[in-house]
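Participant: Let me begin by handing over the structure; questions about it come next.
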Amino acid sequence: MISITHFLVVSAIIFCIGLYAVLAKRNAIMILVGIELMINAAILNFVAFSRYDKINYGGQVFALFAIVLAAAAVAVGLAIILNVYKYYKTIDPSNINELRD
Amino acid sequence: MNISPIVASLLVVVLPFSAFVIQAILGRRSVSGNVALMAISLSSILSAGCVFFVVWTGEATLERITWFTIGTKSFSVGILLNKLTVFMQLLVCIIALPVHLYSRAYMKGDDGLHRYWMYLSLFCFAMLGLTISINLLQLYIFWELVGFASYLLIGFWFTRDAAVQANKKAFLINRIGDLGFLIGIALLYAQVGTLDLVELFGKSGFFSTETAVHDSLQLLDKNSAWITCAGLAFLLGAMAKSAQFPLHVWLPDAMEGPTSVSSLIHAATMVAAGIFLLCTVFPLFNETVLLVITGIGTITAFSAAIFALGQYDIKKILAFSTISQLGFMMVGVGIGAWDTAMLHLATHAFFKCLLFLCAGAVIHEMSHVKAHTNLTFDPQDLRNMGGLRHYMPKTFLCMLIGALALSGFPLTAGYLSKDSIVVTAFEWAASHGGSYFIIPAALILVSVLTAFYIGRLVFKTFFGSFSFREHIAAGKPSLHEPPSMMLWPMLFLAACSLFPLFGVQPLAYQQTWIIRGFHVEVDYPAQHAAHLFIPLGLTIGAIVAWTVGWQWYVKQKYPLRVDNSWVQWANRQGYLNELNDTLFVKGTLKLSDLLYAFDRYVVDGLTKLVTWVTQRIAVFAYWVDKHIVDGLVNLSANTTYYIGHLARHVQNGQLQGYMGFALTAVILGILYLIIK
Amino acid sequence: MGALSILIFLPLFAALLILALPSSLKGSYRYIALVFTLAQLALSLYMYQQFDPTLGGINSISGYQFVEQIPWIRLDLGQLGKLEIDYFVGIDGVSLPLIVLSSFVMLMSIGASWHVEKSVKGYFALLMVLNMAVMGIFAALDFFLFYVFYEVMLLPLYFLIGIWGGARREYAAMKFFIYTLLGSVLMLLVIVGLYFSVVNPASGAHTFNILLMMNPSNYVDGSFFGFLGNYHEVFGVPARLVGFIVLFFAFAIKVPIVPLHTWLPDAHVEAPTPVSIILAGILLKIGGYGIIRVCYSIFPDIAADTNWWLALIGVLSIVYGALNALAQKDLKRMIAYSSVSHMGFVLLGIASLTAEGLSGAMFQMVSHGFLSAALFFLVGVLYDRVHDRYIYNFRGLANIMPTYTAYVAIAFFASLGLPGFSAFIGEAFVIIGAFNAEAMLTGVPRWMAVGGSVGILLSAAYFLWTLQRMFFGQTRLQGGEKWRLALTDLDTREKIVLLPALALALVLGIVPSLIFDNLNASVIQLLDTIKPYL
Amino acid sequence: MTYTVTAPITDVLDQIMASIPLFKPELLLIGGFIATIVSALFVGKRLRNFTFAVYLLTILITIYFLQAQLPTVATGFSGMWMIDPLSTYARIIIATGGGIIGLFIQQRHKLGNNGDVYSILLAAILGMNVLCNSSNWILAFIGIETVSIASYVLVGYFSQNKAQAEAAMKYALFGSVCAAVMLYGLSLIYGLTGSLDFQSPEQLQGLMVAPEPILTIALLFVFVGIGFKLSFVPFHVWSPDVYEGAPTAITAFLSTIPKIGALILFTRLYTAWSSTAFYFSDLTTSFILFVSITSMLVGNLAALRQKNIKRLMAYSSIGHTGFLLMAVFAYQANYPYLLFYIMAYVLMNLATFIFIDALEERTGSTALSAYAGLGRKMPILFTSLTVLAVSLVGLPPTIGFIGKLLVFTAVFDTYQMADEGAVLFLLIVGALTAVISLFYYFRIPFYAFLKNNESPDIVSSDSKILVWLGYVLTACVILLGLFPSILLNLITS
């Protein structure tokens, strides 16, 4: 029998993977992917929790909105990364540091 | 004349001031000094005719107006005319008048003469105002103005470095005294609540017995610590003004000023102001303070006399003798017989002024010689003089009178006053007994020394042969009597230095009108023997001193007549003289040099040291200010700046670095919150 | 619009007028400034003449004169209560002399800035704004208003020093600004605290009215600065004490006291002559004024407790400043440090809590006002000629500039406290008051008074020394013949500027009642407010 | 939520219909959004400024509707949408600011057909309104994301060089990460409380009983998202780079408008959560204290070393955020000073950026050193800039001072109530940072007036309107500084 705990653990793992990707990957696209993972972890949580929210399924609603917004954000992100590539000919964030103190 | 004394005395003060203003406005156009002269002579007439005689015979009057009010206390200014004040005022006038006359000739041709007259009038104004002030604050104001005027006059030749140094020194040392005075005032005000002399000491001053002790003073214990402090503070003020040991160092240097100035300010009037102050606040002093005063007076009298022995600069000798005589007056106050002090103040004013004027005349002529025969020598140095009596007999006469008066020969005024002090001191010592006899003994010794050094001065100047005779023999009659404009004042003062001015009896100081004028009750019995022996002793001592001096400086040592039945005796005498020579004269001179060196290098050196130390401290303080105080300020500023620099290390442009930083912060926060 | 408001805002009109005029008329700016300042002086003199010396002022509104009170900001902050800010001005015996002094010194500085070339428009405009701010500070009776003027004063000064100043002007300007701001921001917190502690009995609203803050009965019990039931502590220090210290700190920077004085020498040395005149002549007085008007009147209880320390600081400043002055080689720096020393007397006098001391302090402020102004002007005269102020580069100036030397000598002797000049009255009565303090049991020991009087001696020392070094002796100049030609004697303008100041010093020295008469009532009232807590 | 399943569907519909009027301004914005897109697509080619006209029109009408809404206090859409003066005023400020920014962009980026930037602006404004008017996490998140995405686009929109592209990327990625983290935190909170309305009693009760560790994680994660929007420490790192990289008009936008919405949200959140005596309330309170103090310190200290004016403004806005948090902390059911400070802040920043932009146009640089000696060339402009600096420091007689004073007043009141050392520390830091800020704000007049540069090369500019707008705003800064009652009475009435 799969309990809520399992969901939470899984989502936590996914979140951490995403976090790792965001912090460690030397590629902007991978960072976007990491972000996606983190968001999905959250969405998983929402869905899992909404099981206990019989009245009005807020969690599921939220999950839907989150998916939409994440998609939008990623779209914009990709566009911007393309734009960056146009100027830098690389998308390794560690090389993109014109702006600094 | 029917002017009220108040108005008259006011005029006496205002006239010189107006003269000062007029000359200040006229500037270079008034070099004749007529204005000043006119003012001072008018003042003298008024002071004598309408103030002195009225008040001295009648009783004291006063007039005061409210000056300003602070909080609820109101301070008044006004005029207090009692015997003491009017006497002092008259004295100042009488001395100032001849000096003005003298200056006309003495200062002739000096560019900046207009300044000279200006300053002189200012000084007279301040000094005269000082004499009749009713309020201690007012007195203080004039007191400082006097010092200021003397500052200006000492530095009259401001291009001479020595002069400028001297006047700075004089002002600063006087400033110390002024502080004492100010502190005294403040303490008195804090204790009694008023600075008005009348409210403090009663209308006609302290010498009219019935008001001797004032009620406001009765309230508080005269021997309380603070009153003692106040007394000592006033003493400090007097010490600086009257050049008492160890604050006397400024007076010898002050001789850099014109001689006429020295005669007026640094011999007769200003330096006497200290004594005058002490007399004014006399009731304040308790036994302790009085004893201190006596001690200081004695030390001053003795040391200064010793210093005078070794000098060659004619003015320096006179300066030291002034200091020593002021010491006498101090003793007079200290032993409670301030009337004798005033008497000596008066007589001393005359003969010391005379001596200075004569010295001035001599220097004047000497510098003429110097000018004509293009030699380079110091016109003030005794060693360059000698035999001048042939060239300037009248001057010689005046000088002689002055010298005799100073050394206290009978028939001179000096005899009266000096005896009065010594005798009273003796009586005082007798009543206290024991070690107190040191004081009169010291005084007697001092007066012998005085006689000696002044004799030396006279002999060295006027006897013997003139050093530069051959130059003058060359026909240029450049060495002669001073012009009559200078001569008359000298003669006048010479006349005043004799006994008739002070009393009909040439030998009894009690009979002088001054002593009888302010009759002081001293609380110790009269010693009639003393009145006989001490004067005698003094006179003999003086004569001996003069003879020794004569032997030494005129006869150039003992001309032995072989064909004389006295030879052996004379020889023995001679041996004695050898003895005397080695023991006393040489010894004294050595001692003198020694002590003078001490004075130069220790006492005066002390002031130099203090100056030096102060400057070092100042430099140090500035160093601290610049590097530590301000340094801290800048340090804190820079630290802030540096922290700002640290805060920027995060901003390395690495996106993931940013994320890492933010998330690490969050994680740390979480950990902290969970663990705590 | 009453006389006082006109006095305050007249310069503002002048500034606007100057800004409005095109630069082609730049010659006229100085005349505009001059005319307006003259009018201001006339007005202030009229007030002086109209002033009723019997009224005390300090903490009683009825005791103030030329009062104007107009509601300015009224605001309901919910449960924060009502915000009540008035345009509230008026003068009493304490502010009157300072106002007259300010308008006088302003006139002097206009005279001193006659030959300014660098961007004249901005210069005079800023000067006028500064003028307005200063007047406002001395007249304001509402703490908010006071603070506004207090801060507004800073900006013109920053630029006046920073733009028209000397070599290290940026450093000096910023230092000055930071120092003062540091004091004033903390002051702002205390103002807020007072605002919450005081209630206007009439309207029941919190208020910034200074006079209401002086009356213990207006304080809310248990409020932060309240008199009664005040348990508040800041880091273990009672709240009222903290408030007093913070306010004192703010004003002490202005006075300035040791060790908060280091902005002063730099500011003075770098500032142009007119600004130095204003700095020394007016701004330092704001410190003393603030201590009397704010610290002592609003916190009488603390004042009674702390005056021992204040007196100590005063004595320290006196001696320390004098010693520093003695060590200076730059004439202007020396005079700057002498200001530190002379202002120390003000603090000592105020702290003595005696009628003599307080009056002496006020008198000293006024006298130092125009004496230091004159001194700085004299330095400026020398600097204009040869652009050098190094003392050892000059010698025997008396031979080539006799009139100048005479003026300098008078100014020096006046400020070293020669009787007959105003400084003497001030210093003497500060000393007398300090001595009297022990008899009055205000807790200032007499050794402090002695220490203070040492300062008089030292001041004589450095002034005379300078006189001897620079003016007397044979003429020797660093710049040789070039300087000798450049060093012309005073011209008429300079004499016109200097004479009134020195004359005033003399007049006040001889007739001190000109100031004391208007002062006494206020001083007595202030002492009465403090007495109960002694 | 205020209704139950048992309610018949018709009631729900009625209620929704009833709530529509409350949503009017936002509907209008949506309409404008579409209209601008359309016009940008079809009309923009021929009539260059048509889109802009539409945009302005939308803004104006919105403002009109909003001020009509002023007195209303109501909730709609079954409690998801709430309207009170606070939000309404906030939205008015946002809309006005949006209008000015629009003008700014229109003036500065005339070339090419960039009509759809206005639609993005409108989207951002819409998102902000949503933030202001909701206490529901869903709406809040939607709002935040809308604003964020719009902002990403705006930053990247004009990108013509490396810096701008980089700025866009950093902004987007950092923002998305923060959003993701926040979302995760929200999910946790949802799980802990079963409610998505942070003012609802259910949620509060849930938070009361929730286990502390998990709650800590949840709350901090949520704050991450808000922190990113408000850019307070430690989530400020992106702002200097982005401010510097983005076109000045956009920087002006970023530094003002998005903060308002987030701030209102945070205010509501804080007031809702700090009210209890439980762990999460303490956590929230201490968090806001800590963050506000560190933000003031870090922002002002780091600004000391900046040589680029836009970076400097970035740090200064971080410092101001800290100060705004101070206001939030002292917020007790009365908003005047909060709103007043927001207005002051917006006013000052917009004006400053307008001038910065004008100078950038003339000197071609945003380095402070480029201003050397320009004070004499453009006296009025730099005088205004100096006035703004004074206001930013918070000295009288400017609006900045009144704002500071009001905030101090409020905070001091809380201090007097709860005699807490931390609050006092907050006050002192607030005061001292003002002194520090003087250092760098006065670099501007320092370079302009005190430094001498005989031949500063400047090209003349054509966008006069903008500069005049700047002057007007500056005038307001002083006017409102002298007579704040004008504004305050408006707010409090």
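Protein chains in written order, with numbering that gives the first Met the number 0: chain A, 0 to 100; chain B, 0 to 675; chain C, 0 to 533; chain D, 0 to 492. Virtual Cβ for every residue (Gly too), placed ideally from N, Cα, C. Since this is a predicted model, take the numbers as computed values, not measurements.
#1: Secondary structure at Thr-372(B), three-state DSSP: helix, strand or coil?
#2: I want to know whether the segment 107-119 of chain B touches the segment 129-142 of chain B - three or more CB-CB distances under 8 Å.
#3: Hey, does Val-60(A) have any beta-carbon neighbour from chain D nearer than 8 Å?
#4: Identify whether Thr-247(D) lies in helix, strand or coil by the three-state DSSP scheme.
#5: Note down the Cα distance separating Leu-463(C) from Tyr-336(C), rounded to an integer number of angstroms.
#6: Which residue marks the beginning of the alpha helix (DSSP H) containing Pro-401(C), and which one marks its end?
#7: Quick one: any contact between the segment 322-331 of chain C and the segment 17-33 of chain D, if contact means 3 or more CB pairs under 8 Å?
#8: In the DSSP assignment, the alpha helix (DSSP H) including Met-312(D) goes from what residue to what residue?
#9: With a 10 Å radius around its C-beta and 16 neighbouring C-beta atoms as the bar for buried, classify Met-91(A) as buried or exposed.
#10: State the start and end residues of the unbroken beta strand (DSSP E) segment that holds Asp-535(C).
#11: Does any residue of chain C bring its CB to less than 8 Å from the CB of Met-0(D)?
#12: Counting along the chain, where does the alpha helix (DSSP H) carrying Phe-279(D) start and finish?
#13: Note down, in chain order, each residue of its chain lying with its Cβ closer than 6 Å to the Cβ of Ser-2(A), except the 5 sequence neighbours on either side.
#14: Taking only runs of the beta strand (DSSP E) that begin and end inside the segment 56-95 of chain D, which ones reach a length of at least 3 residues, in chain order?
#15: Are the Cβ atoms of Leu-14(B) and Leu-41(B) separated by less than 8 Å?
#16: So which residues on chain A does Ser-158(D) lean against when the C-beta distance must stay under 7 Å?
#17: Reducing DSSP to helix, strand and coil, say where Arg-560(B) ends up.
#18: Arg-99(A) versus chain D: which residues are under 8 Å apart at the beta carbon?
#19: Quick check: Gln-68(C) and Asp-51(C), are their CB atoms within less than 8 Å of each other?
#20: Could you give the first and the last residue of the continuous alpha helix (DSSP H) run that contains Pro-24(D)?
#21: Of the choices Leu-342(B), Ala-620(B) and Gly-236(B), whose alpha-carbon is the least far from that of Met-328(B)?
#22: What does Glu-67(C) pair with, by DSSP beta-bridge criteria?
#23: Mind pulling the chain B residues with CB within less than 8 Å of Gly-590(C)?
#24: If distances are taken between C-alpha atoms only, which option among Thr-266(D), Leu-431(D) and Gly-420(D) comes closest to Gly-318(D)?
#25: Let me know the alpha helix (DSSP H) ranges lying completely inside the segment 335-397 of chain C, each 4 residues or longer, listed in chain order.
#26: Rounded to whole angstroms, what is the Cα-Cα separation between Lys-24(A) and Gly-226(D)?
#27: Would you list, in sequence order, the uninterrupted alpha helix (DSSP H) runs of no fewer than 4 residues that lie entirely inside the segment 328-404 of chain B?
#28: Under a three-way DSSP split, which group does Thr-68(B) fall into?
#29: Can you pull the DSSP bridge partners for His-205(C)?
#30: Ignore the nearest five residues each way along the sequence and tell me which others in Ile-124(D)'s own chain have a CB closer than 7 Å to its CB.
#31: Please list the partners that Arg-615(B) has in chain A, where partner means a Cβ-to-Cβ separation under 8 Å.
#32: So which residues on chain D does Asn-26(A) lean against when the C-beta distance must stay under 9 Å?
#33: Should Thr-351(D) be flagged as near chain B, meaning a C-beta pair shorter than 8 Å?
#34: Any C-beta of chain A sitting closer than 8 Å to the C-beta of Gly-659(B)?
#35: Would you check if the distance between the CB atom of Gly-280(C) and the CB atom of Ala-251(C) is smaller than 8 Å?
Facilitator: Once the coordinates are examined:
#1: coil
#2: no
#3: yes
#4: helix
#5: 15 Å
#6: 401-414
#7: no
#8: 308-328
#9: In the sequence as displayed, the identity of residue 91(A) is Asp instead of Met. So Asp-91(A) ends up on the exposed side.
#10: As displayed, chain C neither begins before 0 nor continues past 533, which places residue 535(C) out of reach and without an answer.
#11: Note that Met-0(D) scores 44 on pLDDT, short of 50, meaning its location in the model is unreliable and no value can be drawn from it.
#12: 278-302
#13: none
#14: 73-75 and 80-82
#15: yes
#16: Asn-82
#17: Because the pLDDT at Arg-560(B) is just 42, under 50, the model does not fix this residue reliably, and the point stays unresolved.
#18: Asp-240
#19: no
#20: 23-41
#21: Leu-342(B)
#22: Val-88(C)
#23: As shown, chain C starts at 0 and ends at 533. That puts residue 590(C) outside it, with no answer to give.
#24: Leu-431(D)
#25: 354-385
#26: 24 Å
#27: 337-371
#28: strand
#29: Val-198(C)
#30: Leu-28, Ile-93, Ala-94 and Gly-97
#31: Per Cβ cutoff of 8 Å: no residues; Arg-615(B) is ~49 Å from chain A at best.
#32: What Asn-26(A) touches in chain D: nothing, since even the nearest Cβ is about 11 Å away.
#33: no
#34: yes
#35: no
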